[in-house]
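Start counting at 1 in the sequence shown, then tack on 209, and there's your number in my numbering.
Notes to accompany the following structure.
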Amino acid sequence: MRRLISLALPTALCLTVACLALPAAAAPKAKAHAKPAAAEKQATAVRGGPTYAARDDAMQFADEVAARRKLDPEWVRATIGSARMLTNVPRLMLPAPKGSPKNWAAYRARFIDPVRIAAGVRFWRSNADTLARAEKEFGVPAEIIVGIIGVETIYGRNMGSFRVIDALSTLSFDFPQAHPRAAERQAFFREELESFLSTESRTHQDPMQPLGSYAGAMGMPQFMPSSLAKYAVDYDGDGRIDLVSNTVDVIGSVANYFKAFGWTRGMPSTFPVGFDEARLQKATLLAPDIVPTFSADSFVAAGAVLDADAAGFKGLLALIELQNGGDAPTYVAGTQNFYVITRYNWSSYYAMSVLDLGREVKMAMEQ
């Protein structure tokens, strides 16, 4: 999911198993893969309400998609018409009530725990060669990839039990109008529905089968349909892209996503930061939000205190504020690589959870 600012949760939180496997163009015949324990049995899809077959707006959209993508209009109509409205999903899209305190410590505790760390160690050890290969080829450290997959789905344990066609149709045609950015978000989900239909038509799979999150994200890395189409890779060259059962494809696809969004090899994601209260211009430092804007010198000139490594950093920095309810906020200096992590889920809290989980798993690996 994208642009879910502040305490936006990963799309797969507290959900179950998804199902997705896409052929890759002009590749060798597929081979069997050992499935992770969480994916050994098919999850039962969450049951929805009425279908969209009788909805004029849904059928009009189907005709428009068919014309734009040069798809069989009857197939598109039948597919969208068979989708069911998920009555509880629209409310899940509404932001927290105004005044709800953000709490980094509580948010972090949801993702940095012994169970997830132990699962991360098992995942890393089982996929060490692939993680090392991806780090070498894409420049993305293994702990970042491990952190993403762990935060998103606990390494495939919670991939979602909603039919993707139901989730995307619900958010395309029944997005809650009480949302402050309803028009923008509804347009986003319509684009994702169109991408999903285009991919399913090309792969000749049953579009009623893929399962994912309540927002339509799929597989271990919880890719939305457009991200899957743009960034997923057949990393083992077996002729199919499988983001559910094939950890090689999962690792390569996550690394490719980060490279596409500008990950810089060898650049730290954050630096520690303190403040010189006598010179501090905190409002100025926070104004760009998480977008790296300040040189190290201008950061210091506005009252930040940096260690030697950060003071000598040649890139741009952003002041990242993580609120802790009634306690003092936590601050770090974020680099362009920190910003890249937020392109996966547009939340500084999410990005810090990814960094911390990856770091904790790496430390556990070294013990």
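Heads up, the beta-carbon is just placed ideally off N, CA and C, and yes, glycines get one too.
Take residue i and list the residues in its own chain whose beta-carbon comes closer than 7 Å to its own, dropping the five residues that flank it on each side.
i, result
"Val274", "Leu280, Val285, Glu403 and Leu406"
"Asp565", "Arg317 and Ile321"
"Ile499", "Ala527, Ile529, Gly543, Tyr548, Thr551 and Ser557"
Check the DSSP bridge columns for residue i and list the partner residues they point to.
i, result
"Pro481", "Val541"
"Ala527", "Gly543"
"Arg372", "Leu420"
"Asn533", "Asn312 and Asp536"
"Met427", "Phe432"
With DSSP as the reference, label residue i as helix, strand or coil.
i, result
"Lys250", "Residue placement at Lys250 is poorly supported in this model, since its pLDDT is 39, which falls under 50; the coordinates are not used for a value here."
"Ala513", "strand"
"Leu280", "coil"
"Met574", "helix"
"Asp445", "coil"
"Met561", "helix"
"Ile450", "strand"
"Gln395", "helix"
"Phe503", "strand"
"Phe320", "coil"
"Phe432", "strand"
"Val360", "helix"
"Gly567", "helix"
"Leu231", "Note on Leu231: pLDDT 40, under 50, position unreliable in the model; the coordinate value appears next. In the structure shown, Leu231 sits in a strand (DSSP, three-state: E or B)."
"Thr456", "helix"
"Lys240", "Note that Lys240 scores a pLDDT of 32, beneath 50, so its modelled location is shaky; the value from the coordinates is reported in the next line. In this structure, Lys240 counts as coil in the three-state DSSP scheme."
"Ser556", "coil"
"Thr493", "helix"
"Ala469", "helix"
"Arg342", "helix"
"Gly521", "coil"
Once you ignore the five residues that flank residue i on each side, which residues in its own chain have a CB closer than 8 Å to its CB?
i, result
"Gly258", "Arg293, Met294, Leu295 and Thr296"
"Glu569", "Ile321, Ile326 and Gly329"
"Ala254", "Ser370, Phe371, Arg372, Asp375 and Leu420"
"Pro545", "As written in the sequence, residue 545 is Gln, which differs from the Pro given in the question. Excluding sequence neighbours, Gln545 sits near Gly471, Thr473, Met476, Pro501, Gly524 and Leu525."
"Asp516", "Phe480 and Pro481"
"Arg264", "Phe382"
"Leu340", "Trp333, Ala351, Ile354, Val355 and Ile460"
"Val509", "Leu515 and Ala520"
"Ser435", "Glu400, Glu401 and Ser404"
Cα-Cα, which of the options is closest to residue i?
i, options, result
"Lys439", "Thr408, Leu420 and Gly446", "Thr408"
"Val541", "Asn336, Gly567 and Ser478", "Ser478"
"Val459", "Ala441, Ser562 and Met476", "Ala441"
"Val453", "Thr539, Met429 and Gln576", "Met429"
"Lys468", "Gly348, Pro299, Ile289 and Leu303", "Gly348"
"Ala464", "Ile358, Ala560, Arg319 and Phe398", "Ile358"
"Met302", "Ala267, Pro389 and Tyr364", "Pro389"
"Gln414", "Arg394, Arg449, Leu380 and Gln395", "Arg449"
"Met572", "Tyr559, Ala276, Lys311 and Pro323", "Pro323"
"Pro310", "Pro538, Val563 and Gly534", "Gly534"
"Ala271", "Met368, Leu380 and Arg399", "Arg399"
"Arg411", "Ser462, Gln490 and Arg278", "Arg278"
Ignore the nearest five residues each way along the sequence and tell me which others in residue i's own chain have a CB closer than 6 Å to its CB.
i, result
"Phe522", "Ala505"
"Tyr466", "Tyr440"
"Ala267", "Tyr261, Ile289 and Phe382"
"Ala520", "Ala505"
"Leu494", "Ala511 and Leu528"
"Gly567", "Glu352, Ile353, Val355 and Gly356"
Any heavy atom of the ligand SAM closer than 7 Å to the beta-carbon of residue i?
i, result
"Leu564", "What this structure holds is no ligand at all, so the ligand SAM is not there to describe."
**Study point:** 3 or more residues per run - each beta strand (DSSP E) lying fully within the region 253 to 315
**Key:** none
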